[in-house]
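To start, the structure under review is shown below, and the notes come after it.
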Amino acid sequence: MKNISLKRIAASAVSVAVLTSFAGCASNSENTTAASSAAGQSQDTEAQTEGQTDAGTGENVTLVVGANITPHSEILEFAKPILAEQGITLEIVQLEDSITPNTGVIEGSLDANYFQHVPYLEQFNLENGSDLVSVGAIHYEPFGIYAAELTDLADLPDGATVAVPNNVTNEARALLLLEQEGLIELDESAGITATIADITDNSHNLQFIELAPEQLASSLPDVDIAIINGNYAIEGGLDVNDALAVEANDGLAAQTYGNIIATSPENADNPAVIALVEVLQGPEVSAYIAETYDGAVVPLF
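Set out below in structure tokens:
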């Protein structure tokens, strides 16, 4: 499979069709005549009945958030009625790639997104001249080493084929997991930007194949092992409990690679965005994540 760098993917995003524009926040203006006042009260009553009106301000707020399908959109769907009680209508735009959610925020068709971790966001900003910001971490998806047939990493043969993500931050994470398991050694200075070129000891002569993260699960029949992002493992029907090895939930990876709500600097203080983060970091969502994903997705609060 031809290696596709993050820079090339980001460059190709220019040709992606522009997302449908969505409304941001709308409010009912004050009216001075008695008739207009009555009409405004009628509209407010209707909106309150639908659970979409902020009782404190009378504003009907719509928040448009782009998210990967699993688990991000599912978590947002669970949070939707909780936000509605606060007068916020949450519109969820499901996106399968790792470029459009950010370009949507930059273009203004999305208010925020939920799909990435901070290292990826920083790399995207660096390569695209953007200034998107994180407003809160929500959950962590442990990377796992999966195999179609192998049941123990100790039985991995020399010369085995290993599939890893082809973007910079996730490839580093995969390589660090292989190092954690004693299969390779990396240049200590590489850190979370490590690539295959930073491998200093490959005594097992592992053969690396770089694939788009969403292709890793389907590659399992053709490789010995694949190191797969938690969300793509779920989408591929994999169970984290069947992984040959996973990242520790309380380790550096969990702190570094927590999935975040990202938005523009101008929108970081938007009360609706702040409310979204508070709900997603709340006990109801935490319990939902723990009960639904059985360790494949771990709440960070």
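Numbering (the numbering used here) for the sequence shown: 1486 to 1786.
All residues carry an ideal CB built from backbone N, CA and C; glycine is no exception.
For this session: Say whether the region 1638–1653 touches the region 1744–1756, bearing in mind that this needs 3 or more beta-carbon pairs closer than 8 Å, one atom from each stretch.
Result: No contact exists between the region 1638–1653 and the region 1744–1756.
For this session: Under 7 Å Cβ to Cβ from T1555, same chain only, skipping five residues before and after it: list those, please.
Result: Closer than 7 Å at the Cβ level, and outside the excluded window around T1555, lie N1716, I1719 and E1720.
Exercise. Counting along the chain, where does the beta strand (DSSP E) carrying L1575 start and finish?
Worked result: For L1575, the enclosing beta strand (DSSP E) starts and ends at I1573 to Q1579.
Exercise. Anyone know if the C-beta pair for I1712 and V1620 falls short of 8 Å?
Worked result: Not closer than 8 Å, so no.
For this session: Please classify A1733: is it buried, with 16 or more other beta-carbons within 10 angstroms of its beta-carbon, or exposed?
Result: Flag for A1733 reads exposed.
Problem set entry | A1659 and F1628 closer than 8 Å at C-beta | With contacts defined by Cβ atoms closer than 8 Å, A1659 and F1628 form a contacting pair.
Exercise. Closest to D1637 by CA distance: which of I1759, A1738, L1729 and G1780 is it?
Worked result: From the listed residues I1759, A1738, L1729 and G1780, the smallest Cα separation to D1637 is found for L1729.
For this session: Pull up the DSSP beta-bridge partners for V1549, would you.
Result: For V1549, which the question treats as bridged, DSSP gives the partners E1576.
Exercise. Quick check: the region 1767–1775 against the region 1575–1590, are there 3 or more CB pairs under 8 Å?
Worked result: No, they do not touch.
For this session: Identify every run of the alpha helix (DSSP H) within the region 1724–1783, keeping only runs that are complete inside it and at least 4 residues long; order them along the chain.
Result: For the region 1724–1783, the full-length alpha helix (DSSP H) segments reaching 4 residues or more read 1737–1741, 1756–1765 and 1768–1778 along the chain.
Exercise. Between the C-alpha atoms of P1756 and L1595, what's the straight-line distance to the nearest angstrom?
Worked result: Whole-angstrom Cα-Cα distance: 16 Å.
For this session: Since I believe I1710 is in contact with A1632 (beta carbons under 8 Å), could you give me their beta-carbon distance rounded to a whole number of angstroms?
Result: In this structure, A1632 and I1710 form a Cβ contact; the two beta carbons are roughly 5 Å apart against a cut-off of 8 Å.
Exercise. Within 10 angstroms of its Cβ, does P1698 collect 16 or more other Cβ (buried), or is it exposed?
Worked result: Buried, because 16 or more other Cβ atoms sit within 10 Å of the Cβ of P1698.
Exercise. Over what stretch of residues does the alpha helix (DSSP H) that includes E1664 continue unbroken?
Worked result: Note, E1664: alpha helix (DSSP H), V1653 to Q1665.
Exercise. Sorted by chain position, which residues of the same chain lie with C-beta nearer than 6 Å to T1685's C-beta, five sequence neighbours on each side aside?
Worked result: The residues are E1670 and D1672.
Problem set entry | Start and end residues, beta strand (DSSP E) containing T1685 | Looking at the DSSP string, the run of the beta strand (DSSP E) that includes T1685 is I1684 to D1686.
Exercise. By Cβ distance below 7 Å, which residues in the same chain neighbour I1577 in space, the five residues on each side in sequence not counted?
Worked result: Contacts found: V1550, A1552, S1558, L1561 and E1562.
Exercise. How would you write the range of the beta strand (DSSP E) that N1598 sits in, first residue to last?
Worked result: Here the beta strand (DSSP E) through N1598 covers A1597 to H1602.
For this session: Give me the Cα-Cα distance between I1591 and L1723, rounded to the nearest whole angstrom.
Result: Whole-angstrom Cα-Cα distance: 33 Å.
Exercise. Can the beta-carbon of L1761 be found less than 8 Å from the beta-carbon of A1597?
Worked result: Here L1761 is near A1597, since their CB atoms are less than 8 Å apart.
Exercise. Grouping DSSP H, G and I as helix and E and B as strand, with all else coil, what is E1612?
Worked result: Here E1612 sits in helix by DSSP.
Exercise. In whole angstroms, what is the alpha-carbon distance linking D1779 and N1714?
Worked result: Between D1779 and N1714, the C-alpha separation is close to 15 Å.
Exercise. Span of the alpha helix (DSSP H) holding P1566?
Worked result: Element bounds for P1566: E1559 to A1569.
For this session: State buried or exposed for L1701, treating a residue as buried only when at least 16 other CB atoms are found within 10 Å of its CB.
Result: Using a 10 angstroms sphere on the CB of L1701, the tally of other CB atoms reaches 16 or more, which defines it as buried.
For this session: Grab the span of the alpha helix (DSSP H) containing G1676 for me, first residue to last.
Result: Unbroken run through G1676: none, as it is neither H nor E.
Exercise. Distance, Cα to Cα, V1483 vs L1661?
Worked result: It is not possible to answer for residue 1483, since the shown part of the chain is limited to 1486 through 1786.
Exercise. How would you label E1535, buried or exposed, when you count the other beta carbons within 10 angstroms and need 16 or more for buried?
Worked result: Its pLDDT being 39, under 50, E1535 is placed unreliably in this model, and the coordinates cannot settle the point.
Problem set entry | Beta-carbon proximity list for V1758, same chain, < 8 Å, skipping 5 on both sides | L1548, D1596, A1597, V1620, I1746, T1748 and N1752, listed in sequence order.
Exercise. Is DSSP giving T1517 helix, strand or coil here?
Worked result: At T1517 the pLDDT is 35, less than 50, meaning the model places this residue with poor confidence; the figure from the coordinates comes in the next sentence. Coil at T1517, not helix or strand.
Problem set entry | Backbone CA spacing between Q1766 and A1564 [nearest angstrom] | Each residue's CA atom was taken as its position, placing Q1766 and A1564 some 10 Å apart.
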